[in-house]
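Everything below concerns the one structure shown next.
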Amino acid sequence: MSLKPNLDTLTTTISSLCPHPQINPGPIIKYPMPLSSLSKSLLFLHPKRPFHMANLTTPRARLRGVVFDMDGTLTVPAIDFAAMYKAVLGDDEFRRIKAENPSGIDILHHIENWSPDKQLKAYETIADYERQGLDRLQIMPGAAELCGFLDSKKIRRGLITRNVKASVDLFHQRFGMTFQPALSREFRPYKPDPAPLLHICSAWEVLPNEVMMVGDSLKDDVVCGKRAGAFTCLLDETGRYDSPDYAAVNLKPDFKVSSLAEVHTLLEEHFDLAP
């Protein structure tokens, strides 16, 4: 197979890598120079821009949208989930279920099969803890900057939360940023089912593998994203997911960060940010 058509393309690429007229790229590399020599020569095209042959053959994945969790991701954790679970389940049941579920307790799914009266009381307890969280609602450091960056790249922003719609509405109103679509737990089935993320992909008319799910929950956000076929990014501020307790979890995130500022960096490094 002739390599000349590929080298014609490389000639154009070489020119584009030297945008400054004062930088002399040297003689144009002519076929049939061995590819190994060609690769080494390309390393010297720009003193501050190392070049690799992989850049010509392995394009970055295209990213057209980012979907965020709300509590603990876009907002500072304000709900004492352990206390809430104990209030709903009781201390003994809480300890038993926690031991069986190292990635976390799915309280909403757990109470779905309870009797109507017991379920109603559980939802009232959960809603009370959520209302207390609203009083302490604060935006997560780096959230506004990250959203501004996405807007500058014309990358869509969506939101999926297991909190109620009133919390989402307050978040939008208080911090002046809008996510569309923004799905609360009134949308069924909720995370970790992939349905809400697939719904957003359909609304955006994009493929799931062109979207990233960002959240602080391995069992909800990462599992939802993985099941949908999207990229996933786990926000782990405290490093709790480095614990051996999570080593046996089947679904792992594609990326793990300790702050939203790191999301900005990884998007630029790993993706083709196309609207």
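For the sequence shown, position 119 matches number 450 in our numbering, and the numbering has no gaps at all.
Even for Gly, the Cβ is constructed at its ideal location relative to N, Cα and C.
Coil, strand or helix - residue i by DSSP
{"i": "Leu582", "result": "coil"}
{"i": "Ala409", "result": "coil"}
{"i": "Met508", "result": "coil"}
{"i": "Arg493", "result": "coil"}
{"i": "Val315", "result": "This structure cannot settle anything about residue 315, because the visible part of the chain is limited to 332 through 606."}
{"i": "Lys429", "result": "helix"}
{"i": "Phe502", "result": "helix"}
{"i": "Ile359", "result": "Residue confidence for Ile359 is low, a pLDDT of 35 falling below 50, so the modelled location carries little weight and cannot support an answer."}
{"i": "Met415", "result": "helix"}
{"i": "Arg487", "result": "strand"}
{"i": "Ser370", "result": "Annotation note: pLDDT 39 at Ser370 (below 50); position unreliable, coordinate value reported separately. Note: Ser370 maps to helix in three-state DSSP."}
{"i": "Val553", "result": "helix"}
{"i": "Thr456", "result": "helix"}
{"i": "Phe518", "result": "coil"}
{"i": "Asp423", "result": "helix"}
{"i": "Asp628", "result": "This structure cannot settle anything about residue 628, because the visible part of the chain is limited to 332 through 606."}
{"i": "Arg462", "result": "helix"}
Selected residue, minimal CA-CA separation from residue i, among the options
{"i": "Ser498", "options": "Leu451, Glu599, Gln463", "result": "Gln463"}
{"i": "Ser574", "options": "Gly435, Asp400, Ala605", "result": "Gly435"}
{"i": "Arg583", "options": "Val542, Ile470, Lys550", "result": "Correcting the residue type first, residue 583 is Lys in the shown sequence and not Arg. Nearest of Val542, Ile470, Lys550 to Lys583, Cα basis: Lys550."}
{"i": "Arg519", "options": "Met508, Asn494, Leu501, Pro606", "result": "Asn494"}
{"i": "Val397", "options": "Glu568, Arg571, Asp552", "result": "Asp552"}
{"i": "Gly403", "options": "His440, Pro606, Glu568", "result": "Glu568"}
{"i": "Gly507", "options": "Cys478, Leu529, Thr492", "result": "Cys478"}
{"i": "Arg571", "options": "Ala561, Ser548, Ala592", "result": "Ser548"}
{"i": "His503", "options": "Phe480, Asp437, Leu465, Leu528", "result": "Leu465"}
{"i": "Ala409", "options": "Glu541, Asp459, Ala592, Leu529", "result": "Asp459"}
{"i": "Met544", "options": "Ile438, Leu591, Ala578", "result": "Leu591"}
{"i": "Met401", "options": "Gly546, Ile457, Ala453, Ala430", "result": "Gly546"}
{"i": "Glu461", "options": "Ala413, Leu528, Ala579", "result": "Ala413"}
Beta-carbon proximity list for residue i, same chain, < 8 Å, skipping 5 on both sides
{"i": "Leu597", "result": "Cys564, Phe586, Val588"}
{"i": "Val537", "result": "Arg395, Gly396, Arg487"}
{"i": "Leu501", "result": "Leu465, Leu468"}
Status (buried if at least 16 other CB within 10 Å, exposed otherwise) for residue i
{"i": "Ser515", "result": "buried"}
{"i": "Asp576", "result": "exposed"}
{"i": "Ser446", "result": "exposed"}
{"i": "Lys522", "result": "buried"}
{"i": "Pro525", "result": "buried"}
{"i": "Thr509", "result": "exposed"}
{"i": "Ala559", "result": "buried"}
{"i": "Leu451", "result": "exposed"}
{"i": "Pro606", "result": "exposed"}
{"i": "Glu609", "result": "Given that the chain is displayed from residue 332 to residue 606, the structure contains no residue 609 and the question cannot be resolved."}
{"i": "Thr492", "result": "buried"}
{"i": "Ala578", "result": "exposed"}
{"i": "Ala430", "result": "exposed"}
Same chain, Cβ closer than 6 Å to residue i, neighbours up to 5 away in sequence not counted
{"i": "Pro512", "result": "Gly489, Ile531, Ala534"}
{"i": "Phe602", "result": "Arg391, Ala392, Leu394"}
{"i": "Trp484", "result": "Per the sequence shown, residue 484 should be read as Lys rather than Trp. If we look at Lys484 and ignore the five residues flanking it on each side, its Cβ neighbours are Leu604."}
{"i": "Glu517", "result": "Lys496"}
{"i": "Val407", "result": "Gln469, Met471"}
{"i": "Val554", "result": "Pro523, Leu582"}
{"i": "Leu405", "result": "Phe399, Met471, Ala474"}
{"i": "Tyr416", "result": "Phe425, Ile436, Ile438"}
Any non-hydrogen atom of the ligand SAM closer than 7 Å to residue i Cβ
{"i": "Gly473", "result": "Inclusion of the ligand SAM in the displayed structure is not the case, the ligand content being empty and no account of it being possible."}
Close Cβ partners of residue i (< 7 Å) along its chain, the five nearest in sequence each way excluded
{"i": "Leu420", "result": "Ile428"}
{"i": "Pro378", "result": "Unreliable placement is indicated for Pro378, whose pLDDT of 43 sits below 50; the coordinate value is still reported in the next sentence. Contacts found: none."}
{"i": "Arg505", "result": "Leu468"}
{"i": "Glu600", "result": "none"}
{"i": "Lys557", "result": "Thr563, Leu582"}
{"i": "Phe480", "result": "His595"}
{"i": "Asp339", "result": "With a pLDDT of 43 at Asp339, under the threshold of 50, the modelled position of this residue cannot be trusted; read the value that follows with caution. Same-chain partners within the cutoff: there are none."}
{"i": "Asn540", "result": "Gly560, Ala561"}
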